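Colleague: Numbered as in full-length UniProt numbering, the sequence shown ends at 89 without a single skipped number.
If you scroll down you'll find the structure; I have some questions about it.
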Amino acid sequence: MIHFILRFSRQGKLQLQKWYTTLPDKERKKITREIIQIILSRGHRTSSFVDWKELKLVYKRYASLYFCYAIENQDNGLLTLEIVHRYVE
């Protein structure tokens with residue numbers, strides 16, 4: 001199950017967010033800042049999967065944009081990467 005989708009730039013500016021779980025705005029902003037910081041601090045040759053709390057973050061960089069999906073740990077990360085690719089097309 002997808003919990004949320006984020007699209008942000010290399011500078012860390014959030015451009016799009018879609019949440020499929022109900023959270024207060026303050027909590028969403030905190031989560032968004034934390035995830036953007038985690039992903040931007042990773043090297044470009046590292047894995048596109050990050051275990052974060054009880055979720056798995058699947059992200060992909062296209063040009064200067066990052067697309068990040070938060071899914072459950074047991075969900076298929078490779079299938080999610082394919083979904084990201086289809087979305088970008």
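Idealized CB from N, CA, C, for every residue including glycine.
Treat the numbers as computed from the prediction; the structure is a model and nothing was measured.
Run the CB neighbour count on Y62, radius 10 Å, all protein chains shown included, and call it buried at 16 or more, exposed below.
Modeller: For the purposes of this step, residue 62 is taken as residue 62 along the sequence shown, with counting starting at 1. So Y62 counts as exposed.
Colleague: Quick one: what's got a C-beta closer than 8 Å to Q15's C-beta in the same chain, skipping five residues either side?
Modeller: Numbered from its first residue, the sequence shown carries residue 15 at position 15. The residues are R7, F8, S9 and L65.
Colleague: Assuming L57 and C68 make a contact with CB atoms under 8 Å, what is their CB distance in whole Å?
Modeller: Residue mapping note: residue 57 aligns to position 57 of the sequence shown, counting from 1. Residue mapping note: residue 68 aligns to position 68 of the sequence shown, counting from 1. Contact holds; Cβ gap of about 6 Å.
Colleague: Please report the straight-line C-alpha distance between R86 and E72, rounded to a whole angstrom.
Modeller: Along the sequence shown, one-based indexing puts residue 86 at 86. Along the sequence shown, one-based indexing puts residue 72 at 72. About 20 Å.
Colleague: For I2, write down the residues that DSSP places opposite it in a beta bridge.
Modeller: Within the sequence shown, numbered from 1, the residue matching residue 2 stands at position 2. Beta-bridge pairing links I2 to I71.
Colleague: Under a three-way DSSP split, which group does S41 fall into?
Modeller: Position 41 of the sequence shown, counted from the start, is the residue given in the question as residue 41. It is helical.
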